[in-house]
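Data block below; observations after.
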Amino acid sequence: MSGADAGSRRNSARTREALLRAATELFSERGYDRTTIREIGERAGVDPALIARYFGSKPLLYVEVLRAEHGDAAPDDLLTEPRLREVAERAERRGPVPLLRVAVQPLSDGAAQDATRAALRSRLVDPLRARFEREGRDRPGLRADVLVAAVAGVLLARHSGAFEDLADAEVDEVVDVLLETLGGDGPARAR
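The numbering used here numbers the first residue of the sequence shown as 260 and each following residue consecutively.
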């Protein structure tokens with residue numbers, strides 16, 4: 260390998276990392292919907308068109324942000340209080356992200372659809388399925404799908420404004436009611 264090839268690979272790796280870092284910061288600060296590809300490129304100090312080159316699309320970049328934040332380790336399931344709180348707080352900060360949207364509406368980009376569905380499965384559905392299998396529950400896959408769809412629907416509905424009490428509630432209150440309603444682990448606070 261020539262020195263020029265090695266330098267090009269280092270620059271590519273730095274560019275990819277800069278885009279990933281910028282996207283992570285902006286999605287956290289402004290939410291998914293309010294973050295543009297142009298802003299990500301500007302914050303990274305590179306041409307925004309490079310997002311397509313390195314990640315394919317904004318939804319695929321989001322999936323990569325999730326991977327970078329959480330690694331490949333299997334997360335806890337949504338019926339544990341810390342995990343549900345983490346998912347709810349992230350949805351609150353970032354808004355209706357692709358991982359939740361794909362649960363209720365297909366994405367227009369086929370590659371993003373496939374990657375986001377795979378992330379939804381591995382991060383939210385599979386841990387619940389495994390729990391239900393360990394517990395010997397019947398139809399563990401269906402139970403996991405229904406529970407994740409319910410949580411996704413609640414978290415997306417907070418942003419729609421269609422449900423006043425839900426939109427006005429604090430995230431902690433929503434998590435407590437979800438855990439109580441879904442029969443999750445962790446003490447619900449007395450209100």
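Beta carbons: idealized from backbone N, C-alpha and C, even for Gly.
On a predicted model such as this, the values are computed, not experimentally measured, just so you know.
Next on the checklist: Less than 7 Å between C-beta atoms, sequence neighbours within five positions excluded: which residues of the same chain meet that for Leu-414?
Outcome noted: The answer, listed in chain order, is Ala-347, Ala-350 and Leu-359.
Next on the checklist: Do Ala-277 and Pro-318 have their beta-carbon atoms positioned less than 9 Å apart in this structure?
Outcome noted: No, the Cβ-Cβ distance between Pro-318 and Ala-277 is not below 9 Å.
Checklist entry - Hey, Val-410 and Leu-337: beta-carbon distance below 9 Å or not? => result Their beta carbons are under 9 Å apart, which means Val-410 touches Leu-337 by this criterion.
Checklist entry - Roughly how many angstroms lie between the CA atoms of Val-434 and Glu-345, to the nearest whole one? => result Using only the alpha carbons, I get a separation of about 10 Å.
Next on the checklist: Measuring straight from C-alpha to C-alpha, what distance separates Arg-390 and Thr-440?
Outcome noted: Here the alpha carbon of Arg-390 sits roughly 18 Å from the alpha carbon of Thr-440.
Next on the checklist: Taking the alpha carbon of Arg-273 as the reference point, which residue from Gly-290, Glu-301, Ser-287 and Val-305 has its own alpha carbon closest?
Outcome noted: The candidate whose alpha carbon is nearest that of Arg-273 is Val-305.
Checklist entry - Quick check: the region 279 to 289 against the region 317 to 332, are there 3 or more CB pairs under 8 Å? => result Because the criterion of three Cβ pairs below 8 Å is met, the region 279 to 289 and the region 317 to 332 touch.
Checklist entry - If you count every other CB in all the chains shown that lies within 10 Å of the CB of Thr-295, and 16 or more means buried, which is it? => result By the neighbour-count rule (16 or more Cβ atoms within 10 Å), Thr-295 is not buried but exposed.
Checklist entry - Taking the alpha-carbon positions, what's the Ala-327 to Ala-282 distance? => result One C-alpha to the other measures close to 11 Å.
Checklist entry - Touch check for the region 392 to 404 and the region 412 to 427: three-plus C-beta pairs under 8 Å? => result No: the two stretches stay apart, fewer than three of their Cβ pairs being nearer than 8 Å.
Item to check | Pick from Arg-312, Ile-310 and Val-407 that is closest to Asp-385, judged by C-alpha positions | outcome: Nearest C-alpha to Asp-385: Val-407.
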